[in-house]
Amino acid sequence: MPVVEVGRGMDALFEPRSIAIFGASDDVTKIGGRPLQFLQKYGYAGGIYPINRKAGLVQSLPAYATLDDVSAVPELAVIAVPPAGVLDAVKDCARRGVKAAVILSAGFSEMGEEGSRLQAQIGDVARATGLRVVGPNCLGAIGVPDKSIATFSVALESSFPVAGSVGIVSQSGNLGSFTLRLAGERGLGVSRMLTTGNECDVDIADAIASLAADPGTRVILCCMETCRDGAKLTQAMAMAREAGKPLVVLKVGVSEAGSEAAASHTGALACSDAVFDAVLRNGGAIRVPSIEQLLEVGHALSVVGPAHVPGGHRVAVLTASGGFGVLLADAASAQGLALPKLAAQTQERILSVVPFASPSNPVDMTAQVSSRPEVLARMLDAVARDDSCDALILQSANAFHVPRLRDVFLAALEQVRKDHPSRLILLCARAPQEVRATLNAMGFPVVEGIDAACATVAALLRFGARDAARAAAPAIERVPLAAQAFATEASAKAVLAEAGLPVPREAIAANRDEALAAARAMGFPLVLKIVSPDIAHKTEVGGVFVGVRSEAQLLEEYDQLLARVAQKAPAARIAGVLVAQMVQGGVELILGTKKDPMFGPMVMVGLGGIFAEIFKDVALQPAPVDEAQATAMLQSLKAFPLLDGARGRPKADVPAAAKAIAALSRFAVRHVDSVSEIDINPLMVLDQGRGAHALDALLVPEPPLTKAHP
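Heads up: the sequence shown at position 122 corresponds to 124 in the working numbering, and the numbers run straight through without jumps.
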């Protein structure tokens with residue numbers, strides 16, 4: 003069976019030298035009529051072979067009753083026949099050596115069990131023969147430079163996209179078509195567009211990878227609903243990153259409504275959307291929350307060029323109005339951007355131009371830029387020279403609609419671009435389309451709304467500040483974990499300790515005498531915990547006592563602990579009482595892993611203790627991570643100041659915490675076939691140099707595979 007690499011074998015979808023259309027129709031309102039109409043209307047130069055069982059002429063072209071009647075072998079097939087005829091058409095394509103097929107027909111997995119079976123058979127043919135199949139139930143593909151059209155999208159009825167460097171991929175046909183239309187309205191040139199539909203063969207990862215490999219594509223816009231193969235998606239994102247092509251992703255389906263409760267705190271915190279967010283961020287993608295921002299960010303990247311996007315979060319704002327400056331400052335802050343005070347030398351330069359300007363940041367250039375528009379170049383030059391900011395936002399409400407001001411502003415911006423060719427300067431402005439095009443050609447993205455402008459700058463700077471590509475992690479041998487490890491907290495901590503997790507000294511006592519002996523060996527203070535394979539959350543049944551400071555108290559609390567548990571969990575099997583050294587002080591974190599069905603083990607760290615699920619201040623990464631990546635996870639937490647000595651607190655042992663995170667992530671990968679979730683709550687991080695300790699641990703086994711009923 004041929005092995006198809008992610009994204010390979012797909013050029014025939016966009017650059018075919020000939021196209022066959024199964025179900026070709028004279029009726030241009032039908033799915034089989036529109037692709038043929040579009041190909042002729044927009045001047046596709048390759049061979050076109052309508053396939054229609056009546057043969058004759060279809061839309062003035064000679065038609066063929068079957069594919070076998072075509073003497074040449076088309077490179078691409080567009081299939082628009084009833085569902086019952088699709089499989090035979092795909093088999094004919096594979097037998098004749100067609101390279102790719104786009105199935106526009108609906109009526110497959112979206113219609114139920116019978117449709118799913120038929121769709122699976124089509125996928126089997128694709129995998130067995132190497133034929134790349136898009137769909138079924140998709141809106142198809144467009145190769146803009148070659149005017150290759152394998153779609154019935156209404157977006158093409160009035161006009162054809164302008165050729166450019168932005169590629170569009172979408173699982174949803176309507177979202178893809180709408181994005182294509184908006185791109186045209188926004189002045190974006192498009193290289194390729196592909197919608198993947200039901201994805202019996204070609205999926206969203208293939209689509210991304212094909213654009214990553216396309217020399218004509220510089221920016222990739224992606225509308226994603228789900229992922230069918232996590233490894234392929236990760237590989238596709240790596241290809242885009244290595245090619246230097248920004249991937250902007252609109253991931254729909256964020257809510258977790260109706261999801262089942264997780265077995266651990268980690269499971270509750272590591273929801274599927276958080277996993278997608280981590281995977282996309284880890285792969286260097288820019289995630290956006292709306293289709294409008296998808297277009298704005300994609301447009302800005304195509305104008306600026308990804309190589310000229312700096313990292314950081316510091317912006318300078320220039321306006322002709324104090325009120326607009328305040329609005330922009332608020333919007334920038336809401337996006338996590340900082341407005342640093344400009345250097346004294348910069349402020350002096352600003353005041354030398356307009357003595358009564360406000361020179362700090364935002365810079366209020368005052369209405370002088372309307373009466374003396376030549377001052378704009380000097381103001382912009384002064385701020386552009388200040389390296390305390392990563393990007394500039396220039397706001398203009400009306401200047402580009404006033405001919406007297408427009409020409410002077412354009413000349414000033416042209417001079418600034420010559421003097422600062424790689425400076426990221428975004429215009430928050432209203433302007434006629436032809437003026438926007440001129441500004442774009444100079445390298446200035448133009449965004450009309452204040453919130454949209456700040457969101458776009460924030461997304462660009464996040465892209466510029468993305469971490470360096472992760473080196474391939476050393477291979478970790480996957481080995482099963484003994485069933486006994488899942489039985490109790492004590493057994494879980496024992497195997498975690500062997501894997502490098504720091505665990506306090508402890509012992510299981512089967513009776514009062516053994517508890518006393520353990521206490522004398524360890525010293526006070528101590529913690530007592532019930533040990534039972536039937537009790538996952540011990541505090542809920544009164545199975546924990548903290549702060550045992552004498553032998554008399556030990557014996558008393560030992561008896562009371564057993565009595566409380568017997569009352570609240572009478573059916574629980576009791577394996578004894580865990581006597582453990584008490585760790586005092588420090589910062590409580592929650593540390594854990596959850597096996598995602600698509601992307602594998604994810605490692606999570608956040609604020610621990612009883613507040614973990616309230617504040618949900620967590621960092622998530624695909625496992626494994628090294629200690630540097632673990633440190634970055636900790637630094638991303640809102641609670642990191644607690645670890646970093648905020649308000650006079652002693653600094654915590656962050657290296658010890660990072661070492662624990664890395665060790666746990668390796669453990670999760672090693673035992674991925676056995677372990678579903680791991681929950682360490684809390685991981686107590688002591689003062690700098692004193693280490694960290696896993697005070698409680700829960701291992702959740704992977705559910706056994708169940709055989710499907712015949």
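Where is the CB? At the ideal position from N, CA and C, for every residue including glycine.
*Grouping DSSP H, G and I as helix and E and B as strand, with all else coil, what is ILE537?*
ILE537: coil per DSSP, three-state reduction.
*Three-state class that DSSP yields for GLY608 in the structure shown*: strand
*Quick check: the segment 70-79 against the segment 14-27, are there 3 or more CB pairs under 8 Å?*
yes
*Taking LEU701 as the reference, which of LEU483, GLY199, GLY466 has the closest Cα?*
LEU483
*asked:* Let me check understanding here. Comparing Cα to Cα, which of HIS315, ALA571, ALA209 lies closest to HIS539?
replied: Distance from the Cα of HIS539 is smallest, within the candidate group HIS315, ALA571, ALA209, for ALA571.
*For PRO357, is the classification buried or exposed, using 16 other Cβ atoms within 10 angstroms of its Cβ as the cut-off for buried?*
In the assembly as shown, PRO357 is an exposed residue. Its beta-carbon has fewer than 16 other beta-carbons within 10 Å.
*asked:* Just to confirm the assignment, what range does the beta strand (DSSP E) spanning ILE465 have?
replied: For clarity, residue 465 is Phe in the given sequence; the question names Ile instead. Per DSSP, PHE465 belongs to no beta strand (DSSP E); it is in the alpha helix (DSSP H), 452-466.
*asked:* In the DSSP assignment, the alpha helix (DSSP H) including SER150 goes from what residue to what residue?
replied: Careful: SER150 lies outside any alpha helix (DSSP H), inside the beta strand (DSSP E) at 150-152.
*asked:* What ranges does the alpha helix (DSSP H) occupy inside the segment 412-444, keeping only unbroken runs of at least 4 residues that lie completely in it?
replied: 435-444
*Look up MET584 in the DSSP assignment and say whether it is helix, strand or coil.*
coil
*Between ARG406 and ALA386, what straight-line distance do the alpha-carbon atoms span, to the nearest angstrom?*
25 Å
*Under three-state DSSP, which class holds PRO308?*
helix
*Is DSSP giving GLN370 helix, strand or coil here?*
helix
*Is DSSP giving SER676 helix, strand or coil here?*
coil
*Rounded to a whole number of angstroms, what is the C-alpha to C-alpha distance between ARG468 and VAL311?*
11 Å
*How big is the Cα-Cα spacing for ASP280 and ILE288?*
Note on residue identity: the sequence assigns Ala, not Asp, to residue 280. Rounded to the nearest angstrom, the two C-alpha atoms are 11 Å apart.
*Leaving out five residues on either side along the sequence, give the residues of the same chain with a beta carbon under 7 Å from the beta carbon of ARG230.*
GLU201, ASP205
*Taking the runs of the beta strand (DSSP E) that are 3 residues or longer, which of them lie wholly in the segment 174-224?*
With a minimum length of 3 residues, the continuous beta strand (DSSP E) runs that stay inside the segment 174-224 are 192-197.
*Candidates GLU559, LEU120, THR595: which alpha carbon is nearest LEU580's?*
Looking at GLU559, LEU120, THR595, the one whose alpha-carbon comes closest to that of LEU580 is GLU559.
*Tell me whether TYR51 sits in a helix, a strand or coil according to DSSP, three-state version.*
strand
_Using C-beta distances below 7 Å, list every residue in its chain close to GLU298, excluding the 5 sequence neighbours before and after it, in chain order._
VAL449, ALA454, THR458
*In angstroms, rounded to a whole number, what distance separates the CA positions of ALA496 and GLY588?*
Straight-line spacing of the CA atoms in ALA496 and GLY588 works out to 23 Å.
*Assign THR197 to buried or exposed, taking buried as 16 or more other Cβ atoms, counted over all protein chains shown, within 10 Å of its Cβ.*
buried
*Are the segment 216-235 and the segment 124-131 touching by the rule of at least three beta carbon pairs closer than 8 Å?*
no
*Looking at the structure shown, is GLN123 part of a helix, part of a strand, or coil, going by DSSP?*
helix
_N-terminal and C-terminal residue of the beta strand (DSSP E) that PHE40 is part of_ = Element bounds for PHE40: not the beta strand (DSSP E) but the alpha helix (DSSP H), 36-43.
*Determine the closest residue to GLY286 out of ASP675, GLN555, LEU563, ALA238, with distance taken between C-alpha atoms.*
Closest option to GLY286, Cα to Cα, is ALA238.
*Output yes if chain C places a C-beta closer than 8 Å to the C-beta of LYS540; else output no.*
Absent here is chain C; the protein component of the structure consists of one chain.
*Helix, strand or coil: how does DSSP classify MET226 here?*
strand
*Using 10 angstroms around the beta-carbon of ASP275, count the other beta-carbons present and answer buried if the total reaches 16, otherwise exposed.*
exposed
*How many whole angstroms separate the CB atoms of MET776 and VAL529, which I take to be in contact at a CB cut-off of 8 Å?*
The structure shown does not extend to residue 776, since the chain is modelled only from 3 through 712, so no value can be given for it.
_Per-residue DSSP class, three states only, for ALA31_ = The question names Ala, but residue 31 is Thr in the sequence shown. THR31: coil per DSSP, three-state reduction.
*According to the Cβ coordinates, are VAL319 and GLY327 closer than 8 Å?*
yes
*Quick one: grab the DSSP three-state call for MET686.*
strand
*Taking Cβ to Cβ, would you say SER304 is nearer than 8 Å to SER167?*
yes
*DSSP three-state assignment for ARG19, whether helix, strand or coil*: coil
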